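Please read the structure below before turning to the comments.
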Amino acid sequence: MSQTQRNIGDVVLALNNISLSFGGVHALSDISFDVRKHEIRAIIGPNGAGKSSMLNVINGVYTPQKGNIVFNGNTRAQMKPHEAAVQGIARTFQSLALFKGMSVLDNIMTGRNLKMKTNIFQQAIRWGAAEREEIEHREKVEQIIEFLEIQQYRKTQVGRLPYGLQKRVDLGRALAMEPSLLLLDEPMAGMNVEEKQDMSRFVLDVNDEYGTTIVLIEHDMGVVMDISDRVVVLDYGKKIGDGSPQEVRNDPAVISAYLGVQH
Amino acid sequence: MASNDSGALQADTIPKLMLEHAAQRGDRPSIREKNLGIWQTSTWQQVAGEVRALACGLAAMGFKRGDHLAIIGDNRPRLYWAMTAAQSLGGVPVPLYQDSVAQEMIYVMHDGDIAFAIVEDQEQVDKMLEIQTDCPALKNIIYDDPRGLRNYHQPQLLSYENLQQVGREYDKLHPSFFEQQIKQGQSDDIAIMLYTSGTTGKPKGVRLTHASVINSAQAYANLENLSESDTILSYLPMAWVGDNLFSYAQAYVTGFSVNCPESSDTVMTDMREIGPTYYFAPPRVFENLLTQVMIRMEDASAIKRKMFHYFMAVAKKVGAKILDGDKSVGVADRLLYALGSFFIYAPLRNVLGMSRVRVAYTAGEAIGPDLFSFYRSLGINLKQLYGSTETCVLICIQPNGQVKPDTVGPPVPGVEIKLTESGEVLVKTPGIFKEYYKRPDATAEVFDAEGWYHTGDAGYFDKDGHLKIIDRVKDVGKMAGGALFAPKYVENKLKFFQYIKEAVVFGDGRNEVTAFVNIDLEAVGNWAERRNLAYSGYTDLAQQPSVVELITGCVEQVNRDLSKDTALFDSQIRRFLILHKELDPDDDELTRTRKVRRGFIAEKYKVLIDALYSGKPSQYIETQVKFEDGRTGLVSADIKIQNVQSYAATKAAA
Chain A
1 MSQTQRNIGD
11 VVLALNNISL
21 SFGGVHALSD
31 ISFDVRKHEI
41 RAIIGPNGAG
51 KSSMLNVING
61 VYTPQKGNIV
71 FNGNTRAQMK
81 PHEAAVQGIA
91 RTFQSLALFK
101 GMSVLDNIMT
111 GRNLKMKTNI
121 FQQAIRWGAA
131 EREEIEHREK
141 VEQIIEFLEI
151 QQYRKTQVGR
161 LPYGLQKRVD
171 LGRALAMEPS
181 LLLLDEPMAG
191 MNVEEKQDMS
201 RFVLDVNDEY
211 GTTIVLIEHD
221 MGVVMDISDR
231 VVVLDYGKKI
241 GDGSPQEVRN
251 DPAVISAYLG
261 VQH
Chain B
1001 MASNDSGALQ
1011 ADTIPKLMLE
1021 HAAQRGDRPS
1031 IREKNLGIWQ
1041 TSTWQQVAGE
1051 VRALACGLAA
1061 MGFKRGDHLA
1071 IIGDNRPRLY
1081 WAMTAAQSLG
1091 GVPVPLYQDS
1101 VAQEMIYVMH
1111 DGDIAFAIVE
1121 DQEQVDKMLE
1131 IQTDCPALKN
1141 IIYDDPRGLR
1151 NYHQPQLLSY
1161 ENLQQVGREY
1171 DKLHPSFFEQ
1181 QIKQGQSDDI
1191 AIMLYTSGTT
1201 GKPKGVRLTH
1211 ASVINSAQAY
1221 ANLENLSESD
1231 TILSYLPMAW
1241 VGDNLFSYAQ
1251 AYVTGFSVNC
1261 PESSDTVMTD
1271 MREIGPTYYF
1281 APPRVFENLL
1291 TQVMIRMEDA
1301 SAIKRKMFHY
1311 FMAVAKKVGA
1321 KILDGDKSVG
1331 VADRLLYALG
1341 SFFIYAPLRN
1351 VLGMSRVRVA
1361 YTAGEAIGPD
1371 LFSFYRSLGI
1381 NLKQLYGSTE
1391 TCVLICIQPN
1401 GQVKPDTVGP
1411 PVPGVEIKLT
1421 ESGEVLVKTP
1431 GIFKEYYKRP
1441 DATAEVFDAE
1451 GWYHTGDAGY
1461 FDKDGHLKII
1471 DRVKDVGKMA
1481 GGALFAPKYV
1491 ENKLKFFQYI
1501 KEAVVFGDGR
1511 NEVTAFVNID
1521 LEAVGNWAER
1531 RNLAYSGYTD
1541 LAQQPSVVEL
1551 ITGCVEQVNR
1561 DLSKDTALFD
1571 SQIRRFLILH
1581 KELDPDDDEL
1591 TRTRKVRRGF
1601 IAEKYKVLID
1611 ALYSGKPSQY
1621 IETQVKFEDG
1631 RTGLVSADIK
1641 IQNVQSYAAT
1651 KAAA
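Residue numbers (our numbering), protein chains in the order written: chain A, 1 to 263; chain B, 1001 to 1654.
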């Protein structure tokens, strides 16, 4: 894997002076960082540091009290999650939010929902345009199934799959949107070493093959240091570090937040 | 020879056969592959075009008559075409086991003087690049699947498409080149080189001619009336002679269609979708299928379970007899069997993907009698055959209607068999190989002055003229007391229990027989779960007292059986232990075809053997293991040694 040969481009997403509080709790205070096209950007920090809140701000679940977000050149203070989706921001969830009773295929198909043009009545009859459209989307979904190597589970109910595979399906559904920016909330939480290796490979492959920009939250330092290009470190809602994995690793503020300070 | 008798074949090489099919049945399906969830069919005409482009591409890159082409990957149409392309140019395809680690490939790549390799994906490309320094001759690496290879800029890499593009241009400039090359092929040219698994010593390259491959394929096709309307699923390693014969050569001889599964994990579903009419699998595949069925039946509802057990008992009683056309089965039993067929057997065959199977073969090792009759009683015409890489699997086959579980049947028409004093099986067969590559000494060793091929297997004919194989000649030993000792025979008896995955028996030159056992993690794990037995992994489960007890029961059963055997009653197992790790080809304990390397194991686990014979109650051991990605780790355990009851010889039973 040669990370250096990839063409990391201009800034696609910039967060400027974001502050978010819930009543008296300051979840995020005055945070700024940017994400460049084609890069893998990691957000790390101890529990309660505000990492998931940060992702929720990016895809519009939370509206920050202060600051603005520039995505693809458009400045905005607030945006609804479905608007974010239309603009090409997809995400996976820390606690899985899949349709457990549906098959893997159907779950990933739901990721295509935004791209479907035919209305519910045409789809109910499933004739003409609706049928053509389904075939087209099914092909895309099959490509994702092949990409994630889950062919043998195609028709299996998601609820019956082991956790690691459910995570993979979750990623598949996000990929089905063909996003330009992919937000991954702890994609490797609760996985064993082998599953983590697989997932890391998929994240790198997505980045490489589809050219998708990725922002990920992760606790496993080994994974973060191996796959990300740049890392942001949060602690108690404040940014305490930003830079390449190497820089962050040697940053005294980061070390003290993670390992504690000598008194 | 078979091909002359039938008179159907004019073409005497595989590429000529391909051209013949393209002309005669150009629109018939030749090979299918599931891609993006849909079966994609290639007709014989298309196959001929693909092979043509590929062969011309190889020629343009400098591949010459007699050159070797390494082929590494899962069963993919494109890799099968690569075989034909090499053969069209008079070259020799050398398929390698796709799960071998890079280090193991060095030997073959070196020994085979390989300059060209066509491989499936990034995983295999990485291995090829890893061994570059050791194999400087390897100049061209062609890959099928470009995924993950975007940033590989090594000059020796080329994609399959690009190679075919080169080939199409070359073809335009030299339009008659391809046909000319094929015409030059002779039936005694080498068609393929397969490396033996190397149970003893280094692997040897077995060189089979077009004639031997075609003769063998034709002989089985004649016996079973195979035609272009048959269908098979090809999922066994391409480096194995069985796959080369049944999913490659035979397809070219009969014109039937070959189907490649989507991935190795989807074989079960793909098999149901395709519904092959002709099926070939080593015993362990049948065993895995049965284990899965049994485990799922245990979880089924009470009514289903009762029905299953009731009708399986009926099938056990009369199923195999009905299949053999036995007239003695009564009307009541036939009615009951028909009922069972409706409720249980037919649905079960469907789940197994064997609804349409006309004939199924198994070979490679002994199959348990219970396992064998399970499939036959369901109405699946499963038969054993006997052969080896050197004979292109053409020696013995069980004929329809005369199938006995413990023999491999009489010789195939055209094959002659002779037994030596020591019981070794000697054969003359039209499927015989030409030579071991660069090993005239080894070739001379297996052929005697009269041209008999020495199989190295010990066996004898029963009263119906069916051959019964007991072990390798060199493994048949003597115990200290002078009694005959056939380790494989005993091991197989142990392995026929679903809870025992692997067994290694010792006793040559000793007073008593002892054994190492590997439990079957799936079967024993399930057994443990149903008893609410907590365990953390293989090592832990293997040493649980109740598991040791379970296995002791199995070993005692084997001892009871052996006590009835006139020659082998002394081979009863006196003590055994359950190994702390699974025997693994990655640790060199098994060959790639999963045969036990007894000598290596005896050396590696000498401490354990000493403990077995010293009568200690337990022994501590630490072992290094190699993981799939090449890293190593340590497994340690305190292994219990278990005494087993043995039985007095009861010769009356015979």
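We treat Cβ as the ideally placed atom computed from N, Cα and C, and that holds for glycine.
Remember, it's a predicted structure, so these values are computed and weren't measured experimentally.
Per-residue DSSP class, three states only, for residue i
i, result
"serine 1159 (chain B)", "strand"
"methionine 1001 (chain B)", "Caution is warranted here: a pLDDT of 35 is assigned to methionine 1001 (chain B), below 50, making its placement in the model unreliable, and the coordinate value is therefore given only provisionally. Coil, per DSSP."
"histidine 1068 (chain B)", "strand"
"glycine 1062 (chain B)", "coil"
"isoleucine 295 (chain A)", "The displayed coordinates of chain A run from 1 to 263. Any statement about residue 295 (chain A) would go beyond what the structure contains."
"tyrosine 1345 (chain B)", "helix"
"methionine 188 (chain A)", "coil"
"leucine 1634 (chain B)", "strand"
"threonine 1677 (chain B)", "There is simply no residue 1677 (chain B) to check, as chain B begins at 1001 and stops at 1654 in what is shown."
"aspartate 1471 (chain B)", "strand"
"asparagine 250 (chain A)", "helix"
"lysine 155 (chain A)", "coil"
"isoleucine 1322 (chain B)", "helix"
"glycine 1553 (chain B)", "helix"
"leucine 96 (chain A)", "coil"
"alanine 1649 (chain B)", "coil"
"phenylalanine 1433 (chain B)", "coil"
"alanine 1534 (chain B)", "coil"
"arginine 1655 (chain B)", "The structure shown does not extend to residue 1655 (chain B), since chain B is modelled only from 1001 to 1654, so the question has no answer here."
"alanine 1611 (chain B)", "helix"
Proximal residues to residue i (C-beta, below 6 Å), its chain only, five neighbours per side dropped
i, result
"phenylalanine 1246 (chain B)", "Phe1280"
"glutamine 3 (chain A)", "Because the pLDDT at glutamine 3 (chain A) is just 42, under 50, the model does not fix this residue reliably, and the value given afterwards should be weighed accordingly. Same-chain partners within the cutoff: there are none."
"phenylalanine 1116 (chain B)", "Phe1063, Leu1069, Asn1140"
"aspartate 1027 (chain B)", "Thr1043"
"valine 232 (chain A)", "Phe33, Ile43, Asp242"
Same chain, Cβ closer than 7 Å to residue i, five either side skipped, listed in chain order
i, result
"alanine 253 (chain A)", "Ile240, Gly241"
"serine 1563 (chain B)", "Phe1569, Gln1572, Tyr1647, Ala1648, Ala1649, Thr1650"
"aspartate 235 (chain A)", "Gly45, Pro46, Ala49, Ala257"
"glycine 1319 (chain B)", "Tyr1337, Arg1376, Ser1377, Leu1378, Gly1379"
Distance between beta carbons of residue j and residue i, contact taken as under 8 Å
i, j, result
"aspartate 1076 (chain B)", "glutamate 1120 (chain B)", "Rather than aspartate, the amino acid found at residue 1076 (chain B) in this sequence is arginine. About 6 Å; that satisfies the 8 Å criterion."
"histidine 137 (chain A)", "glutamate 186 (chain A)", "That pair is no contact at about 28 Å."
"methionine 1238 (chain B)", "proline 1095 (chain B)", "4 Å"
"valine 1412 (chain B)", "isoleucine 1432 (chain B)", "In fact, because the Cβ distance is near 13 Å, the residues do not count as touching under 8 Å."
"valine 1644 (chain B)", "arginine 1574 (chain B)", "6 Å"
"isoleucine 1395 (chain B)", "threonine 1429 (chain B)", "6 Å"
"valine 1408 (chain B)", "leucine 1467 (chain B)", "5 Å"
"isoleucine 58 (chain A)", "valine 248 (chain A)", "The pair is not a contact, with the Cβ atoms about 20 Å apart (cut-off 8 Å)."
"valine 1635 (chain B)", "histidine 1580 (chain B)", "6 Å"
"glutamate 1502 (chain B)", "asparagine 1518 (chain B)", "4 Å"
"lysine 1438 (chain B)", "aspartate 1111 (chain B)", "7 Å"
Residues near residue i in its chain [Cβ-Cβ closer than 8 Å; skip 5 each side]
i, result
"phenylalanine 99 (chain A)", "Asp106, Asn107, Thr110, Val158"
"alanine 1022 (chain B)", "Trp1044, Gln1045, Val1047, Ala1048"
"serine 1328 (chain B)", "Lys1321"
Can at least three beta-carbon pairs, one atom from the region 1247 to 1258 of chain B and one from the region 1019 to 1033 of chain B, be found at a separation below 8 Å? In short, these stretches touch, since the Cβ pair count reaches three.
Could you pull out every unbroken beta strand (DSSP E) segment of at least 3 residues lying fully inside the region 1195 to 1253 of chain B, listed in chain order? If we require 3 residues or more, the beta strand (DSSP E) runs fully inside the region 1195 to 1253 of chain B come out as 1205 to 1209, 1231 to 1233.
Below 8 Å, how does it come out for the region 1340 to 1359 of chain B and the region 1415 to 1427 of chain B: are there three or more Cβ pairs, yes or no? No, they do not touch.
Is it true that the region 171 to 189 of chain A meets the region 78 to 93 of chain A, where meeting means three or more beta-carbon pairs spaced less than 8 Å apart? Touching, yes, given that three or more Cβ pairs across the two stretches are closer than 8 Å.
Which parts of the region 1087 to 1113 of chain B are runs of the alpha helix (DSSP H), unbroken and 4 residues or longer, counting only runs that do not cross its ends? Runs of the alpha helix (DSSP H) inside the region 1087 to 1113 of chain B: 1102 to 1111.
Report yes or no: do three or more beta-carbon pairs, one from the region 1541 to 1557 of chain B and one from the region 1632 to 1644 of chain B, lie closer than 8 Å? Cβ pair count under 8 Å is three or more, so yes.
So within the region 1440 to 1523 of chain B, which uninterrupted alpha helix (DSSP H) runs reach at least 4 residues, ignoring any that extend past its ends? When DSSP assignments are scanned along the region 1440 to 1523 of chain B, the uninterrupted stretches of alpha helix (DSSP H) that are 4 or more residues long and fall wholly within it turn out to be 1440 to 1446, 1487 to 1495.
Completely contained beta strand (DSSP E) runs for the region 187 to 237 of chain A, where each covers 3 or more residues: With a minimum length of 3 residues, the continuous beta strand (DSSP E) runs that stay inside the region 187 to 237 of chain A are 213 to 217, 230 to 235.
Could you tell me whether the region 66 to 84 of chain A touches the region 12 to 24 of chain A, using the rule of 3 or more Cβ pairs below 8 Å? Yes: the two stretches touch, three or more of their Cβ pairs being nearer than 8 Å.
With three or more C-beta pairs closer than 8 Å as the rule, is the region 1381 to 1388 of chain B touching the region 1349 to 1366 of chain B? They touch, by the three-pair rule.
What residue ranges within the region 15 to 59 of chain A form continuous beta strand (DSSP E) runs of no fewer than 3 residues, ordered along the chain? Runs found: 25 to 36, 40 to 44.
Length-filtered (3 minimum) beta strand (DSSP E) runs lying within the region 66 to 149 of chain A: Fully enclosed beta strand (DSSP E) runs of 3 or longer: 66 to 71, 74 to 76, 89 to 92.
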